[in-house]
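Participant: Sequential numbering from -12 applies to the sequence shown in this note's numbering.
Positions of the beta carbon are idealized from the N, C-alpha and C atoms, including for glycine.
Since the model is a prediction, treat every value here as computed from it, not as a measurement.
After the structure tokens below, expect a handful of questions from me.
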Amino acid sequence: MAADAFTRELYQNIHRYFKDNNLSKLADRRMRIKVIASAVWWLGSLLLLFTLQLPLWGFAALYLFHTFSQIYIGLNIGHDANHYAIFKNKRLSKVLSYSFDLVGLNARMWRQLHDVEHHNVMNIQGEDENMEARGLLRYSIFRKWRPYYKFQHVYVYLLYMVFTTDWAFTKDFECYFFPYTKKMKQMKHSWKDYLSLFFWKSFYVSYMIVLPVMLLDLSFWTVFTLFLIGHAINGAFGASIIQTSHSVEGAEHPASRKDYDHHVYHIFATTTDYGVNSKFLFWFSGGLHLHVIHHLCPNVCHTHYPELTKIVKSTAEKYGVTYQENPTFLSAIRSHLSYLKHMGEEKNQLTLSQTA
Ligand SMILES: [Zn+2]
């Protein structure tokens, strides 16, 4: 449907902000600091791991510190890079888009699942891959209820703790070899895509597991245990950042895109901000806590989001459009857990007439 007065004014106000302040929509100084800091963090900690002769506890601490740089890169650099929201320079953008592969995740498949799919079908069961969770979690009333969902708010964090390990080791391969969404099945892969998938996965396993075992006189189980602990932290942190913007109390989980007159209303209904003024989230969440503006302008660098969110709020207020937010990160997590509890209850099922 064509844009209405609200939608038009919202985008006009956003564009005017950049024009009036003579700013680029891409990386600013704060983003350049993030890019440099994450490169130093990733490379520096890795070099120290292999060059310092550390006792086991020192190695463990540094290994976990390095592993956390990977979720930082995924959220703060890789996400924007794969939305082409950082640099105008094509070569530099291409290099940064591989930051996902560098930390074990296939960037090309991410662009499919996230840019092409999620950004168009938020919270729609069967289309939004963010809600798949291998059928172990029920985020929408449109997923068939099963008895074990009664406990999903209890076991959810155990699943989130294997979120990134599963993604790196199985999900990416499954997407290539056993595609499970309609759009994924339509994808064509060249031999270069397969080569790139296997090359980057081997590279990741080499520097995280094989080389420490070979060069540092550590047992496989020591390194592998640390790997799983590091990924448990990354998975719990990453999932907390990602899932608290769409599956919380108040956010709608529609039957289809047709439920809304315009995509902008789909965004406002299904997306919730949290901790809007948090400095910690600004530096660590990749702007995903300011998720409404992310969906409105995915190609704008996330360091502009705090200023743009003020524009989103005031324009929505002027037109009486509901803008949803949770005051803090913790309140968003609490809301996510109580939403899951609600979705796990047996009484929250569609009746036959509603599904028809
Ligand atoms: Zn995105």
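DSSP state of E312, grouped into three classes?
Facilitator: Looking up residue 312 in the sequence shown gives position 325. Three-state DSSP puts E312 in a strand.
Participant: Nearest to L124 by CA position, among H105, M109 and Y144, is which residue?
Facilitator: Position 137 of the sequence shown, counting from 1, holds the residue named residue 124. Comparing Cα positions, the closest option is Y144.
Participant: If you run the structure through DSSP and keep just helix, strand and coil, what is A343?
Facilitator: Position 356 of the sequence shown, counted from the first residue, corresponds to residue 343. Summary for A343: the model assigns pLDDT 42, below 50, so the residue's position carries little reliability, and this model does not support an answer.
Participant: Compute the distance between the beta-carbons of F267 and F224, then report whether it is under 9 Å.
Facilitator: Against the sequence shown, residue 267 aligns to sequence position 280. Against the sequence shown, residue 224 aligns to sequence position 237. For F267 and F224, no; Cβs fall outside 9 Å.
Participant: Going straight from the alpha carbon of K328 to that of P241, what length do you get?
Facilitator: On the sequence shown, residue 328 is found 341 positions in, with the first residue counted as 1. On the sequence shown, residue 241 is found 254 positions in, with the first residue counted as 1. Spanning the two alpha carbons is a distance of roughly 19 Å.
Participant: Of all the options Y50, H66, T209 and H281, which has the alpha carbon lying nearest to the alpha carbon of V251?
Facilitator: What you label residue 251 is simply residue 264 of the sequence shown in a count that begins at 1. Looking from the CA of V251, the closest CA among Y50, H66, T209 and H281 belongs to H281.
Participant: Can you say whether L13 is buried or exposed, counting buried as having 16 or more other CB atoms within 10 angstroms of its CB?
Facilitator: Sequence index remark: in the sequence shown, residue 13 carries index 26 (1-based). Its Cβ being crowded by 16 or more others within 10 Å, L13 is buried.
Participant: Based on Cα-Cα distance, which residue from Y126, L39 and F74 lies nearest to R19?
Facilitator: In the sequence shown, residue 19 corresponds to position 32, counting from 1. Measuring from the Cα of R19, the nearest candidate turns out to be F74.
Participant: Out of curiosity, what's the CA-to-CA distance linking A343 and F129?
Facilitator: On the sequence shown, position 356 is the one that residue 343 refers to. On the sequence shown, position 142 is the one that residue 129 refers to. The pLDDT assigned to A343 is 42, lower than 50, so where the model puts this residue is not dependable; a value taken from the coordinates is nonetheless given after this. About 12 Å.
Participant: On the DSSP letters alone, give me the boundaries of the beta strand (DSSP E) that Y261 sits inside.
Facilitator: Your numbering for residue 261 matches position 274 in the sequence shown. Per DSSP, Y261 belongs to the beta strand (DSSP E) from T259 to Y261.
Participant: Taking 8 Å as the line, does the beta carbon of D204 fall inside it for any heavy atom of ligand 1?
Facilitator: On the sequence shown, position 217 is the one that residue 204 refers to. No, Cβ of D204 sits at least 8 Å from all heavy atoms of ligand 1.
Participant: To the nearest angstrom, report how far apart Q99 and M171 are at their CA atoms.
Facilitator: By one-based count along the sequence shown, residue 99 stands at place 112. By one-based count along the sequence shown, residue 171 stands at place 184. Taking the straight line from one Cα to the other gives about 7 Å.
Participant: Within its chain, find whatever has a CB closer than 8 Å to the CB of Y306; leave out the 5 residues flanking it on each side and keep chain order.
Facilitator: Along the sequence shown, read from residue 1 onward, the residue named residue 306 stands at position 319. Excluding sequence neighbours, Y306 sits near A(-8), F(-7) and E(-4).
Participant: Quick one, are the C-beta atoms of W132 and Q336 less than 9 Å apart?
Facilitator: Here residue 132 refers to the residue found at position 145 of the sequence shown. Here residue 336 refers to the residue found at position 349 of the sequence shown. Against a cut-off of 9 Å, the Cβ pair of Q336 and W132 comes out as a contact.
Participant: Do H233 and ligand 1 come close, with the Cβ less than 8 Å from some heavy atom?
Facilitator: As a first step, residue 233 is located in the sequence shown; it is residue number 246 there, counting from the start. Not under cutoff, so the answer is no.
Participant: Between G45 and the rest of its own chain, which residues show a CB-CB distance below 8 Å, the 5 nearest in sequence each way excluded?
Facilitator: Translated into the one-based positions of the sequence shown, residue 45 becomes position 58. L39, listed in sequence order.
Participant: Should D102 be counted as a contact of ligand 1 given a C-beta to heavy atom distance under 8 Å?
Facilitator: Taking the sequence shown and counting its residues from 1, one reaches residue 102 at position 115. Within the cutoff, so yes.
Participant: Apply the 10 Å Cβ neighbour rule to W178 and answer buried if 16 or more other Cβ atoms are within range, or exposed otherwise.
Facilitator: Within the sequence shown, residue 178 is the residue found at index 191, counting from 1. When all chains shown are included, W178 counts as exposed.
Participant: Counting only the same chain and skipping the five closest in sequence on each side, list residues whose C-beta sits under 6 Å from that of A238.
Facilitator: Counted from its first residue, the sequence shown places residue 238 at position 251. T257 and T259, listed in sequence order.
Participant: The alpha helix (DSSP H) spanning W28 covers which residue range?
Facilitator: Position 41 of the sequence shown, counting from 1, holds the residue named residue 28. W28 -> alpha helix (DSSP H) spans R16 to T38.
Participant: Where V103 and K169 are concerned, what is the direct C-alpha to C-alpha distance, given to the nearest angstrom?
Facilitator: Numbered from its first residue, the sequence shown carries residue 103 at position 116. Numbered from its first residue, the sequence shown carries residue 169 at position 182. Taking the straight line from one Cα to the other gives about 12 Å.
Participant: With distance defined between alpha-carbon atoms, name the residue in D204, G122, Y194 and F164 nearest to L34.
Facilitator: Taking the sequence shown and counting its residues from 1, one reaches residue 34 at position 47. Residue Y194 is the option with its Cα nearest to L34.
Participant: Does any heavy atom of ligand 1 sit closer than 8 Å to the C-beta of P241?
Facilitator: One-based indexing of the sequence shown puts residue 241 at position 254. Using a cutoff of 8 Å, the CB of P241 does not count as near ligand 1, since none of the ligand's heavy atoms is closer than that.
Participant: Distance, Cα to Cα, L184 vs G274?
Facilitator: Taking the first residue of the sequence shown as 1, we reach residue 184 at position 197. Taking the first residue of the sequence shown as 1, we reach residue 274 at position 287. C-alpha separation (whole angstroms): 28 Å.
Participant: Cutting at 6 Å between CB atoms, please list the residues of its own chain near Q139, excluding the five before and the five after it.
Facilitator: For the purposes of this step, residue 139 is taken as residue 152 along the sequence shown, with counting starting at 1. The residues are L124, L327 and G331.
Participant: Taking only the alpha-carbon atoms, compute the straight-line gap between F165 and A72 and give it to the nearest angstrom.
Facilitator: By 1-based counting over the sequence shown, the position of residue 165 is 178. By 1-based counting over the sequence shown, the position of residue 72 is 85. Looking at the two C-alpha atoms, the distance is approximately 30 Å.
Participant: Specify the secondary structure class of H176 as computed by DSSP and reduced to three states.
Facilitator: The residue labelled residue 176 in the question sits at position 189 within the sequence shown. Coil.
Participant: Taking 8 Å as the cut-off, is the CB of H282 close to at least one heavy atom of ligand 2?
Facilitator: Questions concerning ligand 2 fall outside what the structure shown contains, since the ligands it does hold are ligand 1.
Participant: For chain C, check one thing: does any of its Cβ atoms lie closer than 9 Å to the Cβ of F55?
Facilitator: Checking the listed chains, one finds no chain C in this structure; it contains a single protein chain.
Participant: Assess contact between the segment 80 to 97 and the segment 201 to 215, defined as three or more Cβ pairs (one per stretch) separated by less than 8 Å. Is contact present?
Facilitator: no
Participant: May I have the straight-line CA-CA distance separating L83 from N76, to the nearest angstrom?
Facilitator: For this step, residue 83 is matched to residue 96 along the sequence shown. For this step, residue 76 is matched to residue 89 along the sequence shown. Approximately 11 Å, taken between the alpha carbons.
Participant: Which runs of the alpha helix (DSSP H) fall wholly inside the segment 226 to 281 and span at least 4 residues, in chain order?
Facilitator: 250 to 257 and 266 to 271
Participant: Exposed or buried, what is S86 when buried is set at 16 or more other beta-carbons lying within 10 Å of its beta-carbon?
Facilitator: Here residue 86 refers to the residue found at position 99 of the sequence shown. S86 comes out buried.
Participant: If we call anything under 9 Å between Cβ atoms a contact, is L41 one with S272?
Facilitator: Here residue 41 corresponds to residue number 54 of the sequence shown, with the count starting at 1. Here residue 272 corresponds to residue number 285 of the sequence shown, with the count starting at 1. Cβ atoms of L41 and S272: not closer than 9 Å.
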